[in-house]
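Residue numbers (my numbering): 24 to 162.
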């Protein structure tokens, strides 16, 4: 990964083969980013997207093995006690221009992935909401 600080935000360029979520979490941990916004695009393979099933309180997941364009990555950064949480959603497209979207669990960079992170000034945290089984932002 290559990083450049551009005014108030960081511009990241993930390299081929890097795992997107692991790389972002490591970056947030090392830079001690307390909260923030995440935006990105690129190309990836071995993606796992999820859609939350509220009734059963679990994610339904789907793996996409082939190379896909990442049309959009959007999300936020918060913390769960001592570990960062990057809550990221993705829109991906295949060679037939069909798109899929959902919560991003995994993605391996196929060519490049360009991600902007705008850090917040205050630490945000998440806590479990028992009625949904999700970890909501504490505001």
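Glycine included, each C-beta is placed from N, C-alpha and C at the ideal position.
May I ask which residues mark the beginning and end of the beta strand (DSSP E) holding residue 89? On the chain shown, position 66 is the one that residue 89 refers to. Premise fails: residue 89 is in no beta strand (DSSP E) and is neither H nor E.
Grab me the residues of residue 22's own chain with a C-beta within less than 7 Å of its C-beta, minus the 5 sequence neighbours each way, in chain order. Because the chain is modelled from 24 through 162, residue 22 falls outside the range shown and cannot be assessed.
Mind the definition here: the region 75-87 touches the region 56-65 only if three or more C-beta pairs lie below 8 Å; say whether that holds. no
Please classify residue 50 as buried or exposed, where buried requires at least 16 other C-beta atoms within 10 Å of its C-beta. By one-based count along the chain shown, residue 50 stands at place 27. Classification for residue 50: buried.
Does the contact criterion of 3 or more C-beta pairs under 8 Å hold for the region 89-97 versus the region 117-136? yes
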